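Notes to accompany the following structure.
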Amino acid sequence: MTDDDFEIPDVVEVPITDELDLHTFRPGEVADVVTEYLHEAQARGFPRVRVVHGKGTGALRRTVHAVLARHPAVASFQLGDERSGAWGATVVVLRPPA
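Structure, rendered in structure tokens:
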């Protein structure tokens, strides 16, 4: 087999649920992934979603919060409570689809 025998997809489909776990994404992809996810979640009528960014150093959380602060689909957001991931996840309230 050669490298030509394998086709690498340009796009990876992520199932759209009310939770987005960012652990499998590279830091440089996170802003775009969150932006696209929010558009799709709003279009599907989710009233709220949870974005799991992990606790770590906080770099991913800051990136996620920067996207949330300027995204038109977001009505509000806050860190999760003990049942929803604490400071390793952010709960996002979405505006209804237009």
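Our numbering puts the first residue of the sequence shown at 238, with every later residue one more than the last. Every residue gets a Cβ at the ideal spot worked out from N, C-alpha and C, and that includes glycine. These numbers were taken from a predicted model, which means no experiment stands behind them.
Quick one: measure Cβ to Cβ for residue i and residue j, integer angstroms, because I've assumed they're closer than 8 Å.
i	j	result
Asp-269	Val-289	Actually they are not in contact, since the Cβ atoms of Asp-269 and Val-289 sit about 17 Å apart, beyond 8 Å.
Arg-298	Val-328	Between Val-328 and Arg-298 the Cβ distance is about 13 Å, and since that is not below 8 Å, they are no contact.
His-308	Thr-272	7 Å
Val-330	Arg-285	5 Å
With burial defined as no fewer than 16 other Cβ atoms inside 10 Å of the residue's Cβ, what is the status of residue i: buried or exposed?
i	result
Phe-314	buried
Gly-322	buried
Phe-243	exposed
Ala-310	buried
Using DSSP's beta-bridge definition, name the partner residues of residue i.
i	result
Glu-256	Arg-287
Thr-327	Val-288 and Leu-316
Val-311	Leu-331
Hey, out of the options, whose CA is closest to residue i's CA?
i	options	result
Glu-368	Pro-264, Thr-261, Ile-253 and Arg-263	Any answer about residue 368 is impossible in this case: the structure gives the chain only from 238 up to 335.
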